[in-house]
Amino acid sequence: MNDENLYRALSDISDTFIDEANEVREGDTLAVCAENKRRKIAFVSGTIAAACACACALTLAIVLPLQTNTSNGDLPSASSPGISDPGNGDTLPSSPSDDESSDRPGNNPGLPQEIYGLGSTQSSDVLGSIRFSDKTAYSVTFELEITTNPYNYEIYVELFGTEIVYTYNDDGSIDKRYSKDYIITTDPNYDYYGSVVLENALVVTVNGVPSPNCYIPNEVGNYTIVLDYSAVKDISGNIRMDRVDVWFWDFYILDI
Amino acid sequence: MFQTQDDNYIVGLYFERDERAIAATQDKYGGYCHKIAVNILGDSGYAEEVVSDAMLGMWNSIPPNRPACLSAYIGKITRNLALNRYNAAHTQKRLANERVLPLEELDICIPSHADSGAYGDERLAECINGFLSKQARTQRVMFVCRYFYCDSIEEISQKLNISRSRVKTTLFRMRAKLKKYLERNNREGD
């Protein structure tokens with residue numbers, strides 16, 4: 001076989017695949033990205049629904065005792081840390097924790113909450129499964145379970161980021177001047193052709209132990225992997241890592 | 001996206017040897033073919049010639065062929081003609097600038113001599129189809145856009161609404177996987 005054979009053979013790929021790709025080229029982007037979009041929409045919808053439910057529950061929890069107390073002639077103490085529920089005696093929090101807001105996308109250049117919502121992402125394959133378990137502005141933790149020995153094949157983790165630079169025009173409008181793509185990877189052999197590689201920007205911890213050379217285990221077992229890319233913030237404050245992919249040999253196990 | 005119903009009508013015109021078939025094909029698929037040819041040749045003038053040849057190829061091959069998917073059929077004809085033109089121009093150094101086809105990225109996929117065996121064209125195409133059928137849809141679309149349509153990384157990233165880095169790294173992984181897939185299939189076929 002030579003390269004010419006391969007080029008020609010690509011002309012004989014299935015009409016179904018050609019047509020499928022052409023649908024995207026002709027603008028049916030939604031069809032291909034439906035899975036990702038559905039996931040995001042589902043998560044956002046779920047978040048909104050959960051927020052509404054919490055708000056309703058909180059309102060009821062506040063209003064009902066208030067009415068009860070008012071009818072009794074007693075007002076709740078403004079200094080009390082929580083509102084006592086006369087029904088069962090449980091104490092409800094007076095306000096949501098302020099710590100939660102610090103991880104929102106607008107507040108820092110870290111991972112966007114809507115993609116990395118805790119427990120929202122899990123992927124499994126015949127080789128195993130992966131599940132996000134925690135995140136901070138500059139680190140991601142996930143649980144990796146390898147159930148089948150993937151032979152000698154290696155596992156790589158890659159983080160993708162983009163830095164977009166804007167400038168202000170005379171008329172007040174804003175231009176996106178350029179964007180640069182960044183990749184942080186544990187694959188030492190990867191050929192990047194064009195993207196900016198952030199070397200030494202990733203610290204990998206496997207089951208609490210720092211992993212030399214960012215080695216990711218490829219043997220059967222359960223692993224807690226922490227990816228710390230806090231060094232990125234020293235390179236540029238504008239980079240936001242927007243995706244994490246994990247690669248096995250035969251399977252692209254995680255597609256966020 | 002093209003309407004299948006129109007395609008049946010156009011194919012019907014070819015079978016009736018009605019010359020309006022060429023005009024209808026040009027009207028519906030002219031831009032589509034031109035884009036494929038430009039992606040490969042990088043020259044609008046050459047691309048127009050290839051599109052004209054593709055229309056002639058349609059006239060000569062339908063009948064006896066009755067393509068189920070006209071867009072794929074004419075896409076293949078255009079791609080092959082553009083590759084022929086590219087090779088000829090490349091040999092004679094007639095292209096304005098020495099273009100490097102996305103296809104050349106696939107050189108990594110060619111197994112070594114020890115593993116290459118006797119891959120016939122049909123078997124190779126069958127293997128590639130088998131490989132693509134095992135991929136997730138997004139990855140498959142990326143692969144076909146890049147290596148069948150020869151779209152740029154930028155175009156693919158815009159169409160799929162993902163970063164260029166991700167397109168590059170996905171294609172890189174797929175090339176490595178394809179190579180191993182071809183080697184493994186060849187060994188099993190021996």
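Protein chains in written order, with the numbering used here: chain A, 1 to 256; chain B, 1 to 190.
Cβ coordinates follow ideal geometry from the N, Cα and C atoms, glycine included.
* To do: Enumerate in chain order the residues of its own chain whose CB-to-CB distance from Cys150(B) is below 6 Å, with the five nearest sequence positions on each side excluded.
  => Hits under 6 Å: Asn39, Ile40 and Pro102.
* Asked: Could you check where the alpha helix (DSSP H) with Lys35(B) kicks off and where it finishes?
  -> Per DSSP, the continuous alpha helix (DSSP H) segment holding Lys35(B) begins and ends at Arg20 to Leu41.
* Residues that Asn222(A) bridges to, as DSSP identifies them -> Residue pairing of Asn222(A) in beta bridges, as defined by DSSP: Glu145(A).
* Asked: If the cut is a Cβ gap below 7 Å, which residues of chain A does Ile128(B) touch?
  -> Within 7 Å Cβ-Cβ: Ala9, Leu10 and Ile13.
* Asked: If Leu178(B) sits next to Phe148(B), beta carbons under 8 Å apart, how far is it from one beta carbon to the other, in whole angstroms?
  -> The C-beta distance from Leu178(B) to Phe148(B) rounds to 14 Å, too long to meet the 8 Å contact threshold.
* By a C-beta neighbour count over all protein chains shown, 10 Å radius and 16 as the cutoff for buried, is Pro67(B) buried or exposed? -> With 16 or more neighbouring CB atoms inside 10 Å of its own CB, Pro67(B) falls in the buried class.
* Asked: So, is Glu158(A) buried or exposed, given that buried needs 16 or more other C-beta atoms within 10 angstroms?
  -> Burial of Glu158(A) is indicated by the presence of at least 16 other C-beta atoms within 10 angstroms of its C-beta.
* Asked: For Leu111(A), does the three-state DSSP call read helix, strand or coil?
  -> Because Leu111(A) sits at a pLDDT of 36, beneath the cut-off of 50, its placement in the model cannot be relied upon, and the following sentence gives the value as read from the coordinates. Coil, per DSSP.
* Inter-residue Cα distance where the pair is Phe300(A) and Ser152(B) -> Any property of residue 300(A) remains undetermined from this structure, which presents chain A solely from 1 to 256.
* Output, in chain order, the set of chain A residues within a Cβ distance shorter than 8 Å of Gly75(B). => Simply Ile18 and Asn22.
* For chain A, is any of its Cβ atoms less than 8 Å away from the one on Cys69(B)? -> Output row for Cys69(B): interface = yes.
* Check Leu70(B) in the structure and name its three-state DSSP category. => In the structure shown, Leu70(B) sits in a helix (DSSP, three-state: H, G or I).
* Asked: So what's Phe148(B) in DSSP terms, helix, strand or just coil?
  -> Here DSSP, grouped into helix, strand and coil, assigns Phe148(B) to coil.
* Asked: Start and end of the beta strand (DSSP E) containing Lys135(A)?
  -> Membership of Lys135(A) in the beta strand (DSSP E) is indicated by the continuous run Gly128 to Thr136.
* To do: Using the Cα positions of Ile183(A) and Val24(A), report the straight-line distance between them to the nearest angstrom.
  => Answer to the nearest angstrom: the Cα atoms are 25 Å apart.
* DSSP bridge partner residues for Leu83(B) (one or two, in chain order) -> Its beta-bridge partners do not exist; DSSP assigns none.
* Starting from the C-beta of Ile41(A), find all residues in its chain whose C-beta is less than 6 Å away, skip the five residues before and the five after it, and write them out in chain order. => Summary for Ile41(A): the model assigns pLDDT 45, below 50, so the residue's position carries little reliability; its value from the coordinates is reported in the next sentence. Excluding residues within five positions, none has a Cβ falling inside 6 Å.
* **Sub-8 Å separation of Cys33(B) and Thr78(B) beta-carbons** => In this structure, Thr78(B) lies closer than 8 Å to Cys33(B) by Cβ.
* Asked: Would Thr68(A) be called buried (16 or more neighbouring beta carbons within 10 Å of its own) or exposed?
  -> Bear in mind that a pLDDT of 47 at Thr68(A), under 50, signals an unreliable position, so the number given afterwards is only what the model happens to contain. Counting other Cβ atoms within 10 Å of its Cβ, Thr68(A) stays below 16 and is therefore classed as exposed.
* Test: Leu6(A) CB closer than 8 Å to a CB of chain B -> Yes, Leu6(A) lies at the interface with chain B (some Cβ there is under 8 Å from its Cβ).
* Asked: If we ignore side chains and look at the alpha-carbon of each, how far apart do Val209(A) and Leu144(A) end up?
  -> Val209(A) and Leu144(A): Cα-Cα distance of roughly 15 Å.
* With a cut-off of 8 Å, does the C-beta of Ile130(A) fall near any C-beta of chain B? -> Chain B, which has no Cβ nearer than 8 Å to the Cβ of Ile130(A), makes this no.
* For Ala72(B), go through chain A and note every residue whose CB falls closer than 7 Å to its CB, in chain order. => Those are Asp15, Ile18 and Asp19, listed as they occur along chain A.
* **Exposed unless 16 or more other CB atoms sit within 10 angstroms - verdict on Phe160(A)** => Buried is the call here.
* Assigned exposure category for Tyr181(B) - 16 Cβ within 10 Å defines buried -> It is buried - the Cβ of Tyr181(B) has at least 16 other Cβ atoms within 10 Å.
* To do: Tell me whether the beta-carbon of Ser11(A) lies closer than 8 Å to the beta-carbon of Lys76(B).
  => Yes, the Cβ-Cβ distance between Ser11(A) and Lys76(B) is below 8 Å.
* To do: Count the other CB atoms, across all protein chains shown, that sit within 10 Å of the CB of Asn22(A); report buried if there are 16 or more and exposed otherwise.
  => With 16 or more neighbouring CB atoms inside 10 Å of its own CB, Asn22(A) falls in the buried class.
* Asked: DSSP three-state call for Ser139(A): helix, strand or coil?
  -> Note: Ser139(A) maps to strand in three-state DSSP.
* Helix or strand or just coil, what does DSSP make of Pro188(A)? -> DSSP places Pro188(A) in coil when its eight states are reduced to three.
* Same chain, Cβ closer than 6 Å to Glu143(B), five either side skipped, listed in chain order -> First, the residue type needs correcting, since residue 143(B) is Phe and not Glu in the sequence shown. Excluding residues within five positions, the ones whose Cβ falls inside 6 Å are Met174.
* Could you check the C-alpha separation between Cys69(B) and Asn60(B) for me, to the nearest Å? => The alpha-carbon separation between Cys69(B) and Asn60(B) amounts to approximately 17 Å.
* **Inter-residue Cα distance where the pair is Leu13(B) and Tyr7(A)** => Computed Cα separation, rounded: 32 Å.
* Does any CB atom of chain B fall closer than 8 Å to the CB of Tyr229(A)? -> False, the Cβ-Cβ gap to chain B never drops below 8 Å.
* To do: Please state if the CB of Glu219(A) and the CB of Ile146(A) are separated by a distance shorter than 8 Å.
  => Contact flag set, yes.
* To do: Spell out whether any CB of chain A is found under 8 Å from the CB atom of Arg85(B).
  => Not an interface residue.
* To do: Assuming Arg85(B) and Val51(B) form a contact by the criterion Cβ under 8 Å, report the distance between their Cβ atoms to the nearest whole angstrom.
  => About 11 Å separates the two Cβ atoms, so there is no contact after all.
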